[in-house]
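The opening position of the sequence shown corresponds to residue 95 in the numbering used here, with each subsequent residue numbered one higher.
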Amino acid sequence: MQFNVNQLQLVPASREDIEALEQIENLSFVTDRISRRSFRRFIDQNIGDFKVAKWHQQVVGYYIVLYRQATELARLYSLAVHPDFRRRGVGRLLLHSAEDDADARYCLFMRLEVKTDNTAALKMYHHAGYYDMEIRPEYYEDDSDALVLQKLLPRFESNELDNGNQRLVPYRTQTTEFTCGPASLLMAMAYFDIPCHDPHHEELEIWREATTIFMTSGHGGCGPHGLARAALKRGLSVELHVSEQGPLLLDSVRSAEKKQIMARIQESDIAALQQAEVPIVVGDYSVSQLLHDLYQGKLVIALISTYVFDESKAPHWVLICAADEHYVYINDPDQDSFPWQSPAERQYLPIPLATFRRAFGFGKRKQKAAVVVHTM
Numbered sequence: 095m096q097f098n099v100n101q102l103q104l105v106p107a108s109r110e111d112i113e114a115l116e117q118i119e120n121l122s123f124v125t126d127r128i129s130r131r132s133f134r135r136f137i138d139q140n141i142g143d144f145k146v147a148k149w150h151q152q153v154v155g156y157y158i159v160l161y162r163q164a165t166e167l168a169r170l171y172s173l174a175v176h177p178d179f180r181r182r183g184v185g186r187l188l189l190h191s192a193e194d195d196a197d198a199r200y201c202l203f204m205r206l207e208v209k210t211d212n213t214a215a216l217k218m219y220h221h222a223g224y225y226d227m228e229i230r231p232e233y234y235e236d237d238s239d240a241l242v243l244q245k246l247l248p249r250f251e252s253n254e255l256d257n258g259n260q261r262l263v264p265y266r267t268q269t270t271e272f273t274c275g276p277a278s279l280l281m282a283m284a285y286f287d288i289p290c291h292d293p294h295h296e297e298l299e300i301w302r303e304a305t306t307i308f309m310t311s312g313h314g315g316c317g318p319h320g321l322a323r324a325a326l327k328r329g330l331s332v333e334l335h336v337s338e339q340g341p342l343l344l345d346s347v348r349s350a351e352k353k354q355i356m357a358r359i360q361e362s363d364i365a366a367l368q369q370a371e372v373p374i375v376v377g378d379y380s381v382s383q384l385l386h387d388l389y390q391g392k393l394v395i396a397l398i399s400t401y402v403f404d405e406s407k408a409p410h411w412v413l414i415c416a417a418d419e420h421y422v423y424i425n426d427p428d429q430d431s432f433p434w435q436s437p438a439e440r441q442y443l444p445i446p447l448a449t450f451r452r453a454f455g456f457g458k459r460k461q462k463a464a465v466v467v468h469t470m
């Protein structure tokens, strides 16, 4: 009977499959094999997602995906195909199904390890969009090295009602460590077709206009009032949402003199915004309000803390481009956030809503700021 990969059945593994699974394991791996006892434990305790591919009741391959509690990370613990069914698309089918299982649990990433000399597996994973992260020396029982790979799972999907006319917000990387706010504003300007003849120059000009002057170390980043003022100057309609009245981010410096200078700068920006009748809304900028603004075609430049992502306590501006019931999608101008990704993967980066709620705001008092921009 001619084999057709589309006729494979993917079903949860059962105890009846253990003998076939052990055979595939012995034919596929020389070391680090999963034992019968371990296969039984995965099945009986319902650990992760464990599925087998069957061709007319014959088990021809399997995968096991494990999940780390309280994280958005899935691990492809093992994937194997019977030698008689290799190079027929079975491995790709198993991999896609494993990714779908992890995506259904709202995992952001799939991670796996492969022997550095397993060229066939590496070719499949690279073709599927996995990126090399690191080499772990002497990882396997025979002291061979493992290559760790990872892939971002969810992708932003345009609204079907847009008939394919929805335009993505262009991506731009900040060119200095302190110009995340200007880079976010430049992305918004590009989306709203506001001309900028020299973005590199404009990035520093916006920073010069909006800087708080001081920050925890080095140059100060942009304050919300100054960033709103810069957006207004460049032809955008602006609404500013802040959690407190008056100057923000003063807690990021210890010197009383520096605090005073930062306050004077921001008070000047506040006065200019009030004179221009820019709405400054004091209070909590809720996720429901964020979703409403995005639905109205607006973009949101939001202040977040990077601690949730990399355990560094730094204020950081990102551009929120879209959202759905599970994720907010951001253009993160910081190229160091996910160095294994290309700019294309940093565009519309999905952040689970629960993670965003933890990241939105900065400092012990969780000071929040959102610069909502749209066209006149």
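No residue lacks a Cβ here, since even glycine has one placed at the ideal position from N, Cα and C. Since this is a predicted model, take the numbers as computed values, not measurements.
For the set T469, Y234, E166 and C415, the Cα lying nearest the Cα of E251 is the one of C415.
Within its own chain, the residues whose Cβ lies closer than 8 Å to the Cβ of D211, once the five positions on either side in sequence are excluded, are S238, listed in chain order.
For R134, the secondary structure class from DSSP, reduced to helix, strand or coil, is helix. Boundaries cannot be given for L262, as no alpha helix (DSSP H) includes it and DSSP labels it neither H nor E. Looking at the backbone, the Cα of C316 and that of L202 are separated by about 29 Å. In this structure, DSSP gives K458 a state outside helix and strand, which the three-state scheme calls coil. Selection Q360, I158 and G314 evaluated against R169 yields I158 as nearest (Cα-Cα). Under the DSSP assignment, C274 falls in the alpha helix (DSSP H) whose first and last residues are C274 to Y285. In the DSSP assignment, L326 falls within the unbroken alpha helix (DSSP H) covering P318 to K327. Annotation for Y389: the continuous alpha helix (DSSP H) segment containing it runs V381 to Y389. Bounds of any beta strand (DSSP E) do not take in S191; it lies within the alpha helix (DSSP H) bounded by V184 to A198. For the region 194-251, the continuous beta strand (DSSP E) assignments of 3+ residues that do not extend past its boundaries occur at 203-209, 225-230 and 240-246, in sequence order. The DSSP-derived three-state label of D111 is helix. Each residue's CA atom was taken as its position, placing L343 and P293 some 27 Å apart. Taken through DSSP and simplified to helix, strand or coil, A370 comes out as coil. In the DSSP annotation of this structure, the continuous segment of the beta strand (DSSP E) that includes E333 starts and ends at L330 to V336. A contact between stretches requires three or more CB pairs, one per stretch, nearer than 8 Å, and the region 140-150 meets this requirement with the region 98-117.
Bridge pairing for T306: absent [DSSP]. For T449, the enclosing alpha helix (DSSP H) begins and ends at L447 to A453. Across the set L189, D195, A240 and L246, the C-alpha of L189 shows the shortest separation from the C-alpha of M218. The DSSP-derived three-state label of A174 is strand. Per the C-alpha coordinates, the member of E338, D345, L279 and E299 positioned closest to D426 is L279. Within the DSSP bridge table, the entry for F144 names I158 as partners. A straight line joining the alpha-carbon of F450 with that of T400 spans about 11 Å.
A Cβ-Cβ separation of about 25 Å leaves M281 out of contact with Q244 under the 8 Å criterion. Closest in alpha carbon position to A192, among A174, D111 and V332, is A174. For W149, DSSP records a beta bridge to Q152. Here the region 331-343 makes contact with the region 448-468; the two share three or more CB pairs at distances below 8 Å. Shown here, I414 sits in a strand according to DSSP, grouped into three states. In this model, L246 and D126 are separated by some 27 Å (Cα to Cα). Per DSSP, I359 has no beta bridge partner at all. Approximately 7 Å separates the beta-carbon atoms of K392 and V467; this is inside 8 Å, confirming the contact. Listed in chain order, the non-local C-beta contacts of D363 below 6 Å within the same chain comprise H319, G320 and R323, local neighbours out to five positions each way being set aside. For R169, the beta-bridge partners assigned by DSSP are L160 and R205. With fewer than 16 other beta carbons inside 10 angstroms of its own, T213 counts as exposed.
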